Every structure is written in C-alpha cells, then in structure tokens.
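Enquirer: Numbering (this note's numbering), first residue to last: 4 to 391. One structure is given below, represented as structure tokens, and several questions about it will come after.
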Ligand code: SAH
C-alpha cells in the first residue's frame, strides 16, 4: 500500500493558499512511517500532492509535489530532477566564488536538504527524516553531477533533534581535508568544513559583501565578523579596519585570512555590545560600519529581547558613524521580518538623533532562493544605510 496521510480541512485550506508545510494538528490520519514519502489526501479522499512525512517534528508534512494527479510518491527521479535543476540554476548565475549554496531546502523544493559547494568538496545537511533516508540517492546524484573529490555530511545542526535524528559529522564520499581553500569576491579563505559555523562560511552574505564594498571607505568597523568576510572584502578599500568577534577561533581565522590576502585588519576578540559602547565613550568615529550579528530571535518568544538587541547595536553604530558614512546592518532572524527590522532601524535613528537614508535593501544571495509561501525561506535582511 502507498504511504498516505489524510489532512484536515484547515490543512487543506493552507495548502490551497500556497503553504508548503502541514503541522501535526492538521493531520487527520496516518498510514505511513516517519521518513516516508507519502500521498497527501484531503478529508474527502482526494489527492492533493506528495510530501515528506515526519513522525516527530511539529511540521508533519513538507510538500514535495502538488496536484490532484495521483503519482508514486517514491519517485527517485523527481529528487534527481530537483537536484539537477538546483545545480543548473547556480551555474546560470555566474557566481564570482568557488563556494556557494547548491541546494537551499524549500527554496529548491527539496525541503530539509542543504548542499553547499566549497571548491571541489560538497557539504550536505539532511535535516528531516525523509531527506536523511534519501541520503544515498542524494549522494549518488551529487557525485554524478558534480564529480566532487569529497562529500561531508555536516549533520550536527540542533534542528535534527526535533526530527529524532542524531547529530553527527561523517565523510560520505572521497576525502575531505581539514582545511579547504575557496575564493569569494577575489578574497581567499581557508575553511574548516567540519568545525566552522554553518557549513564553514556564511555563504548567504557573498553578494551583500560585494554590494557593501562599493560604498566602503575610510575607517571600517566590522562587528560580529566571524572569519572576516566583510572586513576583508570591504577592507581592501579602507584606510583602517577593525574587526570584532566574541570567538577566539573566528579571530584566529580572520588574522590568517587577512595575512593571506594582504589586507591589514586589526582583529579583536570582544563582545560587540561592550566594544561599541567603549568606542562611543572614547569619542571614536568610523566611516563604514558592518553589523552582522547572529540570529538574536531564534524563536517567537525571543522577539522582544531580540528587538532591543538590534536596536541597541544600530543606535550605537549610527552615533559612531561620521556624516556621509555607510552602515551595513543585517538580521538573519526569520522571526524579525523586513518590516519589523526597518522599524527597529528607524527607532534607532530617532534615538540616535541622526537622519539616515536607505541606499539598498538586500537579502540573502541568489543561491539561497526564497520560496513565496514559505516565509521561513526569507530570513536574511541586509540594509545599506547612509548617515546624512
Ligand atoms: N559577518 C560574518 C558572519 C557573522 S555570524 C560573515 O560575513 O561571515 C555571527 C558572529 O557573531 C559569529 O561569528 C559569533 O561568534 C559572533 N558573536 C556572537 N555574539 C557576539 C557578541 N556579543 N559580540 C561579538 N561577536 C559575537
């Protein structure tokens, strides 16, 4: 028998309105095991589409294909086609980097699958029961299409626990060295694919780094710098660059990357909140400031505190910015949407008693596509502002 899940009328409404997820509360009956690809039916027994089913996550179903035509949910060709389409799209973008995202989950209609390319190596994350079970098919497709030297499964994200999956890191194919060198916007980075944040680098900021570089000049401050992506890309155009991160490892990498690329960066371990305050006390001024903090709001409940955090750093940065200077300010909290982030920035400018204009409103790079109907796929906001 074909694995099948029947959803409630409310669930059906959600699907008809373009949503791609069905929560457990909207599941009426299940004839499937966790990790199955299933047929989805409405309460009257009509087929709505196929989906990935999870018996653990609050997100019980993630739609794979829609339509009333009954098709075999276990169609491996569909998975291969989606991977091929995702790769072909990246090839069409002519990305100025050897590291970028090849598959971005729902944005490529492969819910719960992430694949990043780092030169000749691939890093895979299977974040749902179904994609985890499909890993052999996914690996075979990636090997055939990309001919990588090695594939690493970076399956350590906490999100896997919600699916009842363990956290682990394994080489799945070939060899994966301790350190891989990639180029982005003309800057070389040594990346630790096993231990770096995310899959090694914050690939979603590549285009924002390039865009911000157009306005960078004078004295640059990069807060929450991680491996120095903004500091290095913008620092080439600046007289002086200070980069701050709370992690010793991150700062050690910034120093190595700065040396390797011949960009002078004063990289400091510190808490950005304290450092911004200290700069203000000392009456310092910057011409270009980057704020790219971690997601302050990881849940809805954390939003009020997160908003206060975003406001504080933006307010302080605006005060530190010299007139005519550029503020690059980001939020990767999905729970703080673009409109909310815009209001926080406006509030910060009112409190800082400065006028700012918006030069560009940007988002995550094109290799991290946003699927309308899944607001969670639009998570990164990046505003380029000018202080008047
Ligand atoms: N701008 C980076 C990505 C930043 S990710 C890039 O372009 O690659 C967020 C970084 O903030 C992480 O490296 C984390 O170590 C750092 N961080 C978290 N809390 C911090 C704090 N209070 N002060 C300074 N850095 C912090």
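We put the CB at the ideal spot given by N, CA and C, even for glycine. None of these values were measured; they are calculated from a predicted model.
On the three-state DSSP scale, how would you describe residue 98?
Expert: For the purposes of this step, residue 98 is identified with residue 95 of the chain shown, where counting begins at 1. DSSP places residue 98 in coil when its eight states are reduced to three.
Enquirer: Enumerated in chain order, which unbroken segments of the beta strand (DSSP E) with a length of 3 residues or greater are wholly contained in the region 261 to 323?
Expert: Qualifying beta strand (DSSP E) stretches, in chain order: 269 to 272, 289 to 294.
Enquirer: So, residue 116 versus residue 163, is the Cβ gap smaller than 8 Å?
Expert: By one-based count along the chain shown, residue 116 stands at place 113. By one-based count along the chain shown, residue 163 stands at place 160. It is not a contact, given that the beta carbons lie outside the stated cut-off.
Enquirer: Rounded to whole angstroms, what's the CA-CA distance from residue 355 to residue 203? Just pull it up for me.
Expert: Along the chain shown, read from residue 1 onward, the residue named residue 355 stands at position 352. Along the chain shown, read from residue 1 onward, the residue named residue 203 stands at position 200. Rounded to the nearest angstrom, the two C-alpha atoms are 36 Å apart.
Enquirer: So for residue 45, helix, strand or coil by DSSP?
Expert: One-based indexing of the chain shown puts residue 45 at position 42. Residue 45 falls in the coil class under three-state DSSP.
Enquirer: Does the distance between the C-beta of residue 263 and the nearest non-hydrogen atom of the ligand SAH fall short of 7 Å?
Expert: For the purposes of this step, residue 263 is taken as residue 260 along the chain shown, with counting starting at 1. Flag unset: Cβ of residue 263 not near the ligand SAH.
Enquirer: Figure out for me which residue from 126, 118, 231, 169 has the closest Cα to the Cα of residue 180.
Expert: Residue 180 sits at position 177 when you count from the first residue of the chain shown. Of the candidates 126, 118, 231, 169, the one whose C-alpha sits nearest the C-alpha of residue 180 is 126.
Enquirer: Can you list, in chain order, the residues of its chain with a C-beta nearer than 6 Å to that of residue 347? Leave out the 5 residues immediately preceding and following it.
Expert: In the chain shown, counting from the first residue as 1, residue 347 sits at position 344. Excluding sequence neighbours, residue 347 sits near 310, 313, 314.
Enquirer: Following a CB-centred definition, is residue 250 positioned closer than 7 Å to any heavy atom of the ligand SAH?
Expert: Translated into the one-based positions of the chain shown, residue 250 becomes position 247. It does: the Cβ of residue 250 is within 7 Å (strictly closer) of some heavy atom of the ligand SAH.
Enquirer: Can you give the Cα-Cα distance for residue 123 and residue 48, rounded to whole angstroms?
Expert: Mapped onto the chain shown, residue 123 falls at position 120. Mapped onto the chain shown, residue 48 falls at position 45. Taking the straight line from one Cα to the other gives about 47 Å.
Enquirer: Any heavy atom of the ligand SAH closer than 7 Å to the CB of residue 6?
Expert: Position 3 of the chain shown, counted from the start, is the residue given in the question as residue 6. No, since every heavy atom of the ligand SAH falls outside the 7 Å radius drawn around the Cβ of residue 6.
Enquirer: Assuming contact is defined by CB atoms lying nearer than 8 Å, are residue 35 and residue 46 in contact in what I supplied?
Expert: As a working mapping, residue 35 is identified with position 32 in the chain shown. As a working mapping, residue 46 is identified with position 43 in the chain shown. No, these two residues do not count as a Cβ contact at 8 Å.
Enquirer: Taking CB distances under 8 Å as the criterion, tell me whether residue 105 reaches chain D.
Expert: Among the protein chains of the structure shown there is no chain D, as only one such chain exists.
Enquirer: Give the DSSP-derived three-state secondary structure of residue 21 in the structure shown.
Expert: The residue given as residue 21 occupies position 18 in the chain shown. Note: residue 21 maps to coil in three-state DSSP.
Enquirer: Could you check if residue 230 is buried or exposed, using at least 16 other CB atoms within 10 Å of its CB as the buried criterion?
Expert: As a working mapping, residue 230 is identified with position 227 in the chain shown. With 16 or more Cβ atoms within 10 Å of its Cβ, residue 230 is classed as buried.
Enquirer: By Cβ distance, which residues of its chain are closer than 7 Å to residue 187, with the 5 residues on each side in sequence left out?
Expert: Position 184 of the chain shown, counted from the start, is the residue given in the question as residue 187. Cβ within range, chain order: 100, 102, 209.
Enquirer: Find out if the Cβ-Cβ distance for the pair residue 300, residue 339 is shorter than 8 Å.
Expert: As a position in the chain shown, residue 300 is number 297, starting the count at 1. As a position in the chain shown, residue 339 is number 336, starting the count at 1. Going by C-beta atoms, residue 300 is nearer than 8 Å to residue 339.
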